[in-house]
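For our numbering, add 58 to where a residue sits in the sequence shown, where the first one is 1. Just so it is clear, CB atoms sit at the ideal spot from N, CA and C, and this is done for glycine as well. Since this is a predicted model, take the numbers as computed values, not measurements.
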Amino acid sequence: MIPSLPGAASAWEEFRPATCLPDECFCEAVRSGLIRQPANTWSSLAFVLVASWVAVRYFRSARTRPLSGSETGLFASSLVVVGLGSAFYHASLTFVGQVIDVAGMYLLATFILLHRLGPIWSVKAVPGVLGFATANGVLMVLQVTTPSLRRVVFALLLATALVVEWRASRAGRKWLATGAGLMALAFAIWVADRTRFVCDAGSLFQGHAVWHGLGALAAACLFKSYERDVAPGR
C-alpha cells in the first residue's frame, strides 16, 4: 500500500481519486490537507520556470528567434500546463488532476510533431491549430475512457516526436541529444521511485521530484536546440 502519514484524511476526498490510488502514487507518502505530496507538487513548477525562461529568451532575441510568436506561445503554454497540471495532480491525487497532468504532456509531444511536420506537409496556420486541438481532444477522450493506456500512448508519442525532431534538426542535435540523455536518466529514476526500489516515503527529497526537474531541463535543451538550428554560429 502507498505510505500515508497519520491522520491523512484529505480535503480532496469528495473527488474521484486518481487511478494510482491506493498503492501506485509513487514513493512519497500521502499527507492530509490541500497538498498531499508536497515534494512532487512543488517540483512540478520547474516546468513553469522553464516556460518563463523561454519567454524571456524569445523577447531578447528579436533578430534570431527560433520559433514564431505563436509557436513560442504554444510551446511555453504547453510547459505551463505540464507544470501546473502535474502540481495539481500531486497536490490532489484526483482523477481530474491526473487527466490535466497527462494532457499537458500530450500537448508538448504534439507541439514537437506540429512544429516539424507542419512545414514538411505545408500545413497552414489555421488548419495546423485545428489539427493540434483536435488531436489533443482525441487524446483527452482516450485517457478519460481508457486511463490505463495513458503512459503507453505518451511514450509512443514522445518517441515519435524525438525521432522526427532528430531527423529535422541539424546544428541543434547536440542539445537534443543532451535532452534525450536527461530524459533517459529521468525515466530510470521514475522507475526506481514508482517501484519503490529507492524510496524514503517521508523525505522531501523524492525520486519523482527529480524526474520533474530533469524533464524540465530536457525541455530547456529542446528550446536550445531550436536556437542552435536558426543560429549555428551562436
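| Asked | Found |
| --- | --- |
| Please go through the same chain and pick out, in chain order, the residues whose beta-carbon is closer than 7 Å to the beta-carbon of A259, but skip the five residues on each side of it. | P61, C85, E86, A87 |
| Compare the Cα-Cα distances from L272 to each of A193, V108, R174 and report the closest residue. | V108 |
| Could you say if the segment 236 to 247 and the segment 69 to 76 meet the contact criterion of at least three C-beta pairs nearer than 8 Å? | no |
| What is the C-beta distance between L197 and G141, in whole angstroms, given that I count them as a contact (C-beta under 8 Å)? | So it is not a contact: roughly 19 Å between Cβ atoms. |
| Apply the 10 Å Cβ neighbour rule to C279 and answer buried if 16 or more other Cβ atoms are within range, or exposed otherwise. | buried |
| Throw me the rounded Cβ distance for the R208 and V160 pair, which I believe falls under 8 Å. | 5 Å |
| What are the residues that DSSP puts in a beta bridge with P96? | DSSP lists no partner for P96. |
| Would you identify the three-state DSSP class for G65, choosing helix, strand or coil? | The predicted model places G65 with a pLDDT of 45, which falls under 50 and marks its position as unreliable; any figure quoted below should be read in that light. Looking at G65 - three-state DSSP - the assignment turns out to be coil, as it is neither helix nor strand. |
| Once DSSP output is grouped into helix, strand and coil, what is the label at P80? | coil |
| Helix, strand or coil, according to DSSP, for G189 in the structure here? | helix |
| Can you tell me whether DSSP reads R292 as helix, strand or coil? | Only weak support is given to the placement of R292: the predicted model assigns it a pLDDT of 48, under 50, and the question is left unresolved by the model. |
| Measuring CB atoms only, is the segment 166 to 184 touching the segment 75 to 83, in the sense that at least three cross pairs come out at less than 8 Å? | no |
| Can you tell me whether V184 is buried or exposed? The criterion is at least 16 other CB atoms within 10 Å of its CB, across all chains shown. | exposed |
| Just to confirm my understanding: we take M241, look at its own chain, exclude 5 residues before and 5 after, and list those with CB closer than 6 Å. What are they? | A276 |
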